[in-house]
Amino acid sequence: MGNDKETKAKLLASGKKEFLEKGYMQASLRHICQNAGVTTGALYFFFQDKEDLFAALVEEPLKKLYGVMSRHYSEEILQIEEGQGAETDMSDDLEACYQMIHYMYQYYDEFDLILTKSQGTRFEHCIDRFVEISEKHYRIVADKMTKRANLPRIEDYMIHWTAHMMVDIFVHMLTHEKSEEAAKGHMQYIIKFIMAGWFGLFEAK
13 MGNDKETKAK LLASGKKEFL EKGYMQASLR HICQNAGVTT GALYFFFQDK
63 EDLFAALVEE PLKKLYGVMS RHYSEEILQI EEGQGAETDM SDDLEACYQM
113 IHYMYQYYDE FDLILTKSQG TRFEHCIDRF VEISEKHYRI VADKMTKRAN
163 LPRIEDYMIH WTAHMMVDIF VHMLTHEKSE EAAKGHMQYI IKFIMAGWFG
213 LFEAK
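Numbering (the working numbering), first residue to last: 13 to 217.
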């Protein structure tokens with residue numbers, strides 16, 4: 013059992029290295045096995061195919077990130093329903109962004125694989141899923157805020173654009189900034205900028 017665990021760990025480490033260097037499409041199972049010091053047959057004992065190996069590296073971190081995001085969105089809806097959230101206090105949003113960044117940088121290689129090396133896998137369109145979740149959330153928040161303030165409904169285009177922009181911020185941060193601390197520093201100003209634009213949508217015309 014101990015040997016199985018060790019072999020699987022070697023294959024995962026070798027797979028991560030190969031995928032990071034070459035991307036999923038160009039990665040070679042033969043090279044992965046050679047570098048892990050095992051036979052190809054050993055790989056198929058643990059993984060169905062190349063995509064299954066890739067999934068073993070990225071699936072769990074991705075699911076957990078969806079969870080972090082969903083929890084924040086649920087808390088935000090609750091705050092608005094309790095009569096909060098119309099103020100321009102950005103402390104909760106900044107804290108949520110810090111949590112997201114901290115988690116993403118804990119699994120920097122895994123998210124780098126998802127964002128830049130996953131073409132050809134079922135993970136290559138996961139950004140669209142983040143946008144979809146965010147868009148649904150912003151639609152609910154915007155409708156609650158306009159109703160409470162007796163303002164016109166914010167058009168769907170702006171909600172979709174806002175969701176895309178927020179997701180793109182995290183993608184750009186991870187692919188352009190290696191340091192978690194620097195990323196958090198940038199986020200202070202980014203959130204200030206975003207919040208000003210968001211609340212600007214709800215100003216009476």
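Idealized CB from N, CA, C, for every residue including glycine.
Legend entry - Cutoff 7 Å; reference V50; Cβ partners in own chain excluding five residues on either side: Position 38 of the sequence shown, counted from the start, is the residue given in the question as residue 50. Correct list, in chain order: T19, K22 and L23.
Inset, instruction - Go ahead and pull the three-state DSSP assignment for M13. - result: Locating residue 13 in the sequence shown gives position 1, where the first residue counts as 1. Since pLDDT at M13 reaches only 40, below the 50 mark, its modelled position is unreliable, and no value is offered.
Inset, instruction - If I'm right that E189 touches H198 with Cβ under 8 Å, what's the distance once you round it to whole angstroms? - result: Counting from 1 along the sequence shown, the entry for residue 189 is found at position 177. Counting from 1 along the sequence shown, the entry for residue 198 is found at position 186. The Cβ separation is near 7 Å, so the contact holds.
Inset, instruction - Whole angstroms is fine: what's the gap from G212's alpha carbon to E107's? - result: Mapped onto the sequence shown, residue 212 falls at position 200. Mapped onto the sequence shown, residue 107 falls at position 95. Roughly 22 Å separates the two Cα atoms.
Inset, instruction - In angstroms with no decimal places, state the Cα-to-Cα distance between C109 and G53. - result: Within the sequence shown, the letter at position 97 stands for residue 109. Within the sequence shown, the letter at position 41 stands for residue 53. For C109 and G53, the distance between alpha carbons rounds to 43 Å.
Inset, instruction - Determine the closest residue to E215 out of F142, I202, P164 and R134, with distance taken between C-alpha atoms. - result: Counted from its first residue, the sequence shown places residue 215 at position 203. Shortest Cα-Cα distance from E215 to any of F142, I202, P164 and R134 involves P164.
Inset, instruction - Assign M13 to buried or exposed, taking buried as 16 or more other Cβ atoms, counted over all protein chains shown, within 10 Å of its Cβ. - result: Numbered from its first residue, the sequence shown carries residue 13 at position 1. The pLDDT assigned to M13 is 40, lower than 50, so where the model puts this residue is not dependable; a value taken from the coordinates is nonetheless given after this. Only exposed fits M13, as fewer than 16 other CB atoms lie within 10 angstroms of its CB.
Legend entry - Outcome for Y169 when other beta-carbon atoms lying within 10 angstroms are tallied against a minimum of 16: Taking the first residue of the sequence shown as position 1, residue 169 is located at position 157. Exposed, since its Cβ has fewer than 16 Cβ neighbours within 10 Å.
Legend entry - Neighbour flag for S146 against chain B, beta carbons, 8 Å: This model lacks chain B altogether, as it is built from one protein chain only.
Inset, instruction - Measure the alpha-carbon distance for I11 versus E72 and round it to whole angstroms. - result: This structure cannot settle anything about residue 11, because the visible part of the chain is limited to 13 through 217.
Legend entry - 8 Å Cβ cutoff met for M207 and M102: As a first step, residue 207 is located in the sequence shown; it is residue number 195 there, counting from the start. As a first step, residue 102 is located in the sequence shown; it is residue number 90 there, counting from the start. With a cutoff of 8 Å on beta-carbon distance, M207 and M102 are scored as near each other.
Inset, instruction - Please classify P164: does DSSP put it in a helix, a strand, or coil? - result: Here residue 164 refers to the residue found at position 152 when the sequence shown is read from its first residue. Residue state, collapsed to three classes: coil.
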